[in-house]
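Residue numbers (the working numbering), protein chains in the order written: chain A, 1 to 228; chain B, 229 to 456.
We put the CB at the ideal spot given by N, CA and C, even for glycine.
It should be emphasised that the depicted structure is a prediction, and the values quoted were computed from it without experimental measurement.
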């Protein structure tokens, strides 16, 4: 048996590239995306009643990785990037069938012209094809006592500071307070690949909500935004 | 864009038909299934480390419904079967792309011959094609405070009793205690379609774990197993 999926729509995301996207949803609550549904899925009737739910499941395709396929074992960042585990024991984006799953917050629903869902707490890159939308049912989907031996809690945050130059830019921006918060939430996830040593001379860059955010690591636990 | 899915394997389930399957996972904790992975997914390496997790996400296809397609609105049993809501505001099994999602308990992993996962708390019918397996991460996936206005908790159970004849059969069966528990968990979900009036003369039947379970409604809140 084979089964063909057709995207319901493609995300317009504050994450314009994969680098620095938190590795799970909810870690950066300020991260926003819009999902405009395509015909024939863009009928207001199809989302009637959805406003009853604060959270949704998105099933999507890891579209940037599909061509590269999968390997039986992966090195999850969570284990420092040097221990291998089975791909089905991971949430790796390189996996058979290439499907992803994220619980996201539903901010609002706009049915004035087709259907657009405004979402937050997302961990999905620009252009992600969404193939299913389901309401989150806490009495079914929330299993707080589930055991996850080597990934029992969110990774520890690193400290994020802003250079004077970056601060000035934020103060001038009408969206500055939002941007500062978003940048902090995203970068405190410690986006540096685990295998890279700290190099205080090295500049990292990430495109975030229309800005080129440049940052440096001051040490293992502290990075500074130097420009945007 | 189109994307083709290939099943990782097909479930061998205690639920031999769709009728009476609880409408969400976890409601009948005793419900068991085996998932034997197919080549090339049946490598022990691919599930290495999976034992660290008590629960898994299965993404699967509602294979019995795929040909019938979907409609923009559905009548969820939860709303008595007479109020319509949008298909994306429901967990309906008739939906665009035909994808299902269930959190299930991982009981054991057998890698002696290929890979077989023993699962419980399932809500999936025999032969369900599974297209993804992911570990459940409670600090990501559990959102106990999520709002679900008209489906905030599990539906109320009905009472289940056993006729003398059914009890006798259970006592003779080496799996009788397990079966009694399974039947109780499944039938207390009140499998009668909401639009059907109670008829104490009407026999219902369901194939469950190799048994033909016959039952009748004594009243709205009480059904009796009459034979198996």
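{"Check": "Assigned secondary structure, residue 213 of chain A (DSSP; H/G/I helix, E/B strand, else coil)", "Outcome": "strand"}
{"Check": "Classification of residue 97 of chain A by the beta-carbon crowding that lies within 10 angstroms, buried from 16 upward", "Outcome": "buried"}
{"Check": "Three-state class that DSSP yields for residue 186 of chain A in the structure shown", "Outcome": "helix"}
{"Check": "Inter-stretch contact at 8 angstroms, needing at least 3 Cβ pairs: the region 300–314 of chain B / the region 256–268 of chain B", "Outcome": "no"}
{"Check": "Integer-rounded CB distance, given that residue 124 of chain A should sit under 8 angstroms from residue 60 of chain A", "Outcome": "6 angstroms"}
{"Check": "DSSP state of residue 129 of chain A mapped onto helix, strand, coil", "Outcome": "strand"}
{"Check": "Spatial distance of residue 230 of chain B from residue 7 of chain A (CA atoms)", "Outcome": "7 angstroms"}
{"Check": "Distance between beta carbons of residue 121 of chain A and residue 25 of chain A, contact taken as under 8 angstroms", "Outcome": "5 angstroms"}
{"Check": "Where residue 33 of chain A falls: helix, strand or coil (DSSP)", "Outcome": "strand"}
{"Check": "Span separating the alpha-carbon of residue 79 of chain A from that of residue 149 of chain A", "Outcome": "12 angstroms"}
{"Check": "Touch test, the region 415–432 of chain B against the region 381–389 of chain B, Cβ-Cβ under 8 angstroms, three pairs minimum", "Outcome": "yes"}
{"Check": "Interface residues of chain A facing residue 245 of chain B [CB-CB closer than 9 angstroms]", "Outcome": "Going along chain A, no residue has its Cβ under 9 angstroms from residue 245 of chain B, so there is no contact; the nearest lies around 19 angstroms."}
{"Check": "Proximity below 8 angstroms, CB of residue 358 of chain B to CB of residue 286 of chain B", "Outcome": "yes"}
{"Check": "Contacts of residue 232 of chain B in chain A (Cβ-Cβ under 8 angstroms)", "Outcome": "2, 3, 4 and 5"}
{"Check": "CB contact flag (residue 195 of chain A, residue 9 of chain A, <8 angstroms)", "Outcome": "no"}
{"Check": "Extent of the continuous beta strand (DSSP E) to which residue 369 of chain B belongs", "Outcome": "That residue, residue 369 of chain B, is in no beta strand (DSSP E); its alpha helix (DSSP H) goes 366–369."}
{"Check": "Proximity winner among A:37, A:146 and A:140, relative to residue 374 of chain B (alpha-carbon distances)", "Outcome": "A:140"}
{"Check": "Exposed unless 16 or more other CB atoms sit within 10 angstroms - verdict on residue 83 of chain A", "Outcome": "exposed"}
{"Check": "Chain-ordered residues of the region 113–147 of chain A with a beta carbon less than 8 angstroms from chain B", "Outcome": "129, 131, 132, 133, 134, 135, 136, 137, 138, 139, 140, 141, 142, 143, 144, 145, 146 and 147"}
{"Check": "Exposure of residue 177 of chain A, with buried meaning 16 or more beta-carbon neighbours within 10 Å", "Outcome": "exposed"}
{"Check": "Beta carbon proximity, residue 454 of chain B to chain A, threshold 8 angstroms", "Outcome": "no"}
{"Check": "Alpha-carbon spacing of residue 182 of chain A relative to residue 11 of chain A, whole angstroms", "Outcome": "18 angstroms"}
{"Check": "Residue of B:277, B:315 and B:272 minimising C-alpha distance to residue 134 of chain A", "Outcome": "B:315"}
{"Check": "Closer than 8 angstroms to chain A by CB, residue 313 of chain B", "Outcome": "yes"}
{"Check": "Residue ranges of each beta strand (DSSP E) within the region 98–128 of chain A, 3 or longer", "Outcome": "99–110 and 116–120"}
{"Check": "Residue(s) in a DSSP beta bridge with residue 232 of chain B", "Outcome": "A:4"}
{"Check": "Expected contact under 8 angstroms - CB spacing of residue 393 of chain B and residue 455 of chain B to nearest Å", "Outcome": "6 angstroms"}
{"Check": "Member of A:137, A:62 and A:85 whose CA lies at the smallest distance from the CA of residue 317 of chain B", "Outcome": "A:137"}
{"Check": "Identified DSSP bridge partners for residue 204 of chain A", "Outcome": "A:215"}
{"Check": "Straight-line gap, residue 450 of chain B to residue 331 of chain B (C-alpha atoms, nearest Å)", "Outcome": "29 angstroms"}
{"Check": "Candidates B:425, B:379 and B:397: closest to residue 50 of chain A by CA position", "Outcome": "B:379"}
{"Check": "Residues bridged to residue 387 of chain B (per DSSP)", "Outcome": "B:450"}
{"Check": "Status (buried if at least 16 other CB within 10 Å, exposed otherwise) for residue 127 of chain A", "Outcome": "exposed"}
{"Check": "Opening and closing residue of the alpha helix (DSSP H) in which residue 166 of chain A lies", "Outcome": "164–172"}
{"Check": "Alpha carbon of residue 199 of chain A to alpha carbon of residue 217 of chain A, nearest angstrom", "Outcome": "7 angstroms"}
{"Check": "Residue 162 of chain A at chain B interface by Cβ criterion, 8 angstroms", "Outcome": "no"}
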